[in-house]
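J.: Protein chains in written order, with full-length UniProt numbering: chain V, 1 to 460; chain L, 1 to 112.
Virtual Cβ for every residue (Gly too), placed ideally from N, Cα, C.
#1: Opposite residue 109(V) in the DSSP bridges: which residues?
#2: Using beta-carbon positions only, say whether residue 156(V) and residue 322(V) come within less than 8 Å of one another.
#3: For chain L, check one thing: does any of its Cβ atoms lie closer than 8 Å to the Cβ of residue 204(V)?
#4: So which residues on chain V does residue 14(L) lean against when the C-beta distance must stay under 8 Å?
#5: How do the region 335-344 of chain V and the region 380-389 of chain V stand: do at least 3 beta-carbon pairs fall below 8 Å, yes or no?
#6: I need the boundaries of the beta strand (DSSP E) containing residue 316(V), first residue and last residue.
#7: Between residue 188(V) and residue 209(V), is the Cβ-Cβ spacing less than 8 Å?
#8: Report the neighbours of residue 19(L) on chain V: residues whose CB is nearer than 8 Å to its CB, in chain order.
#9: Could you name the residues of chain L that residue 173(V) contacts, counting a contact when the two beta carbons are closer than 7 Å?
#10: Output, in chain order, the set of chain L residues within a Cβ distance shorter than 7 Å of residue 296(V).
#11: Looking at C-alpha atoms only, which residue of 35(L), 43(L), 48(L) is the closest neighbour of residue 83(L)?
#12: Let's test the definition: count the other Cβ atoms within 10 Å of the Cβ of residue 8(V) and tell me whether it reaches 16, buried, or not, exposed.
#13: Find the nearest neighbour of residue 82(V) within the set 313(V), 364(V), 251(V), judged by alpha-carbon distance.
#14: Leaving out five residues on either side along the sequence, give the residues of the same chain with a beta carbon under 7 Å from the beta carbon of residue 371(V).
#15: Strictly by DSSP, which residues pair up with residue 280(V)?
#16: Would you report the Cα separation of residue 105(L) and residue 27(V), rounded to the nearest angstrom?
#17: Give me whichever residues DSSP pairs with residue 102(L) in a beta bridge.
#18: Tell me the residue span of the alpha helix (DSSP H) that contains residue 177(V).
#19: Since residue 131(V) contacts residue 104(V) with CB under 8 Å, what's their CB separation in whole angstroms?
#20: Would residue 117(V) pass as a contact of residue 241(V) if the rule is Cβ separation under 8 Å?
#21: Let me know if residue 302(V) comes out buried or exposed under the rule of 16 or more other beta-carbons within 10 Å of its beta-carbon.
#22: Using the C-alpha atoms, what's the distance from residue 204(V) back to residue 77(L)?
#23: Measure from the C-beta of residue 62(L) to each C-beta in chain V and report whether the shortest distance is under 8 Å.
#24: Please report how far the alpha carbon of residue 76(V) lies from the alpha carbon of residue 140(V), in whole angstroms.
#25: How about residue 106(L): is its C-beta nearer than 8 Å to some C-beta of chain V?
#26: From which residue to which residue does the alpha helix (DSSP H) around residue 325(V) run?
#27: So, do the region 282-293 of chain V and the region 121-137 of chain V have three or more beta carbon pairs nearer to each other than 8 Å?
#28: State buried or exposed for residue 234(V), treating a residue as buried only when at least 16 other CB atoms are found within 10 Å of its CB.
#29: Would the beta-carbon of residue 110(V) fall within 8 Å of that of residue 128(V)?
#30: Does the Cβ of residue 198(V) have 16 or more other Cβ atoms within 10 Å, making it buried, or fewer, making it exposed?
#31: Could you name the residues of the region 30-42 of chain L whose beta carbon sits closer than 7 Å to any beta carbon of chain V, in the order they occur along the chain?
#32: For residue 315(V), go through chain L and note every residue whose CB falls closer than 9 Å to its CB, in chain order.
#33: Looking at the secondary structure, which residues open and close the alpha helix (DSSP H) in which residue 410(V) lies?
#34: Three-state secondary structure (DSSP) at residue 38(V)?
#35: Assuming the contact rule is C-beta atoms closer than 8 Å, residue 88(V) and residue 248(V) should be a hit. Round their C-beta distance to whole Å, please.
#36: Residue 21(L): buried (16+ other C-beta within 10 angstroms of its C-beta) or exposed?
See the structure below:
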């Protein structure tokens, strides 16, 4: 089996290499033709390279884009932070459009679960650093531009060195900590920022710090970070590929608009550019109105990052004393139950082998439950527990009514947090009948069950 | 047609929407058509602060209030849009509601 797998992988890699070699050959032959002719006809007299007229013709003939638009794009250096669901499509369109220098920052490697949405990666490149995988793809798309792969996460320590090499930044990351850091460094280095985000079936997009020093920054719009328990990532909450894809494509579009207008050039020269009304685009795939743009506030007086006075953040402070993780807070593990109220997966496995009457409640949402579960478990989603107000001690929503009233109840969830909340709720509602009935949870949840009892269980 | 007399019995009709995951706290329903008294119990015109209080007391089924309100105010990470404009452009909690207003509560997203 392993030999087949590794051979398949090797073939895929060689084929990918061939594709690239052929693309390089085509380019080299064109160059050869041109230099031969140049020898005869003298110097090339047009502002773009010969190949560029063909490659970018379809966008250059669009009204108000023109040669100048293409030259602006060609001379621009654009940085994408994050090469995931947003960064992949954004990078593809920016590379296709001919952005002269494209920088990619990401410290993660490609995983199979990324591939349904992160369209620059490939099955044959699982395990490769995302920046390297994306550059492989992008070179196939457009080998004529320059790529810089920064195989690291952006940190307060490396942010200045990396971001200062570019004219425009796209925030394609997935956490508030990076979003505040990217906004702060863009304010300090006067770079416009195109920020997007997506979750499940929704997306948001806003252009910040544009023109630099005049438009609001991320902190102006979101001065306080959300409480960490309200931050759920795509890994846990899920994401539909085209939802994050459309947001990444829109980011590329905003970047192209900004470059063609030359906003990034005007700002540096300190021109008195009028501030446009700042809008935020909200995308809701399942809503009655999928796209809507809302009017947003401008700069916040006394903003921590962009107030522009002596109290505002400095580059040195960002590098030496900013702790973004502490600022955004860390999600504390739930500790609601005492050790004697919790059993291990091995203990539950023993119980399930005996014929003892008991209940196993799985409190994950029904989508998770439907994908994999422990035999005999009953699905009562956690939202039913949190929605239960406890009036009249009505328990039929939470415990199957046909269960014997003294049957012990074991509660399981994904990793062992929600199961505690559910157990606590049942006890608060008096379901343990003053301790006569055992109610407790399974430590480590389905994750531990997979590790210890059933390695075949799909864990999502 | 005679206009409604401006007394304690007058009511406002509002279109309240939740998105970005907040609908989960409101019975998984994105759009709620609400009728609110035009004045609060102290006789002041109903504003956004009153609407938030009303939503917590009468509309939210979920017990996790802290995902909507923290220390008597909307929790950080929720945007309020009054007729498609950031509430900061309209006076935030103090904005006095008018019949027909569309109030959208959106949770900020972070995934990517």
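T.: Short version:
#1: Locating residue 109(V) in the first chain gives position 109, counting from the first residue. The partner list for residue 109(V) (beta bridge, DSSP) reads 129(V).
#2: Taking the first chain and counting its residues from 1, the one referred to as residue 156(V) is at position 156. Taking the first chain and counting its residues from 1, the one referred to as residue 322(V) is at position 322. Note that the C-beta distance between residue 156(V) and residue 322(V) is below 8 Å.
#3: The residue you call residue 204(V) lines up with position 204 of the first chain. Residue-level contact by beta carbon holds for residue 204(V) and chain L, with a gap shorter than 8 Å.
#4: By one-based count along the second chain, residue 14(L) stands at place 14. By Cβ distance, chain V contributes nothing, its closest Cβ being about 17 Å from residue 14(L), past 8 Å.
#5: With a cut-off of 8 Å, the region 380-389 of chain V and the region 335-344 of chain V do not count as touching, because too few Cβ pairs lie within range.
#6: Counting from one through the first chain, the residue named residue 316(V) turns up at place 316. First-last for residue 316(V): 315-321, but that is the alpha helix (DSSP H), not the beta strand (DSSP E).
#7: Sequence index remark: in the first chain, residue 188(V) carries index 188 (1-based). Sequence index remark: in the first chain, residue 209(V) carries index 209 (1-based). One thing to note: residue 188(V) has its Cβ no nearer than 8 Å to the Cβ of residue 209(V).
#8: Here the question's residue 19(L) lines up with position 19 in the second chain. Residue 19(L) reaches chain V at 202, 282, 284, 287, counting residues in chain order whose Cβ is nearer than 8 Å.
#9: The residue you call residue 173(V) lines up with position 173 of the first chain. Those within 7 Å of residue 173(V) in chain L are 112.
#10: On the first chain, position 296 is the one that residue 296(V) refers to. Residues of chain L with a Cβ closer than 7 Å to the Cβ of residue 296(V) are, in chain order, 86.
#11: Position 83 of the second chain holds residue 83(L). With respect to the C-alpha of residue 83(L), the residue from 35(L), 43(L), 48(L) having the closest C-alpha is 48(L).
#12: For the purposes of this step, residue 8(V) is taken as the residue at position 8 of the first chain. Exposed is the call here.
#13: As a working note, residue 82(V) is residue 82 in the first chain. The option with the nearest alpha carbon to residue 82(V) is 251(V).
#14: Taking the first residue of the first chain as position 1, residue 371(V) is located at position 371. Taken in chain order, the residues that qualify are 458, 460.
#15: Stepping through the first chain from its first residue, residue 280(V) is reached at position 280. Residue 280(V) has 206(V), 294(V) as its beta-bridge partners, per DSSP.
#16: Within the second chain, the letter at position 105 stands for residue 105(L). Within the first chain, the letter at position 27 stands for residue 27(V). So the two alpha carbons sit approximately 52 Å from each other.
#17: In the second chain, counting from the first residue as 1, residue 102(L) sits at position 102. Residue pairing of residue 102(L) in beta bridges, as defined by DSSP: 15(L).
#18: In the first chain, counting from the first residue as 1, residue 177(V) sits at position 177. Where residue 177(V) is concerned, the enclosing alpha helix (DSSP H) stretches over 176-188.
#19: Walking along the first chain from the start, residue 131(V) turns up at place 131. Walking along the first chain from the start, residue 104(V) turns up at place 104. Contact between residue 131(V) and residue 104(V) holds, with the beta-carbon distance rounding to 5 Å and staying under 8 Å.
#20: Start at 1 with the first residue of the first chain, and residue 117(V) comes out as number 117. Start at 1 with the first residue of the first chain, and residue 241(V) comes out as number 241. In this structure, residue 241(V) lies closer than 8 Å to residue 117(V) by Cβ.
#21: As a working note, residue 302(V) is residue 302 in the first chain. By the C-beta density criterion, residue 302(V) is exposed, having fewer than 16 other C-beta atoms within 10 angstroms.
#22: As a first step, residue 77(L) must be located in the second chain, where it is residue number 77. As a first step, residue 204(V) must be located in the first chain, where it is residue number 204. If you draw a straight line from the Cα of residue 77(L) to the Cα of residue 204(V), it comes to about 13 Å.
#23: Taking the second chain and counting its residues from 1, the one referred to as residue 62(L) is at position 62. Closer than 8 Å: yes.
#24: Within the first chain, the letter at position 76 stands for residue 76(V). Within the first chain, the letter at position 140 stands for residue 140(V). Going from the Cα of residue 76(V) to the Cα of residue 140(V) covers about 20 Å.
#25: For this step, residue 106(L) is matched to residue 106 along the second chain. Yes, residue 106(L) counts as interfacial toward chain V.
#26: Along the first chain, one-based indexing puts residue 325(V) at 325. That run of the alpha helix (DSSP H) goes 324-328.
#27: The region 282-293 of chain V makes no contact with the region 121-137 of chain V: fewer than 3 CB pairs, one atom from each, lie closer than 8 Å.
#28: Here residue 234(V) refers to the residue found at position 234 when the first chain is read from its first residue. Buried.
#29: Position 110 of the first chain, counting from 1, holds the residue named residue 110(V). Position 128 of the first chain, counting from 1, holds the residue named residue 128(V). A contact, by the Cβ cut-off of 8 Å.
#30: Here residue 198(V) refers to the residue found at position 198 when the first chain is read from its first residue. Buried: at least 16 other Cβ atoms inside 10 Å.
#31: Flagged, chain order: 30.
#32: Position 315 of the first chain, counting from 1, holds the residue named residue 315(V). Under the 9 Å cutoff, chain L gives no residues; its nearest Cβ is about 25 Å from residue 315(V).
#33: Position 410 of the first chain, counted from the first residue, corresponds to residue 410(V). Taken as a continuous stretch (DSSP letters only), residue 410(V) belongs to no alpha helix (DSSP H), being part of the beta strand (DSSP E) at 409-412.
#34: Position 38 of the first chain, counting from 1, holds the residue named residue 38(V). Residue placement at residue 38(V) is poorly supported in this model, since its pLDDT is 47, which falls under 50; the coordinates still yield a value, given next. Three-state result, residue 38(V): helix.
#35: Within the first chain, the letter at position 88 stands for residue 88(V). Within the first chain, the letter at position 248 stands for residue 248(V). Contact check for residue 88(V) and residue 248(V): beta-carbon distance about 7 Å, within the 8 Å limit, so the pair qualifies.
#36: Sequence index remark: in the second chain, residue 21(L) carries index 21 (1-based). Looking at its Cβ environment, which holds 16 or more other Cβ atoms inside 10 Å, residue 21(L) is buried.
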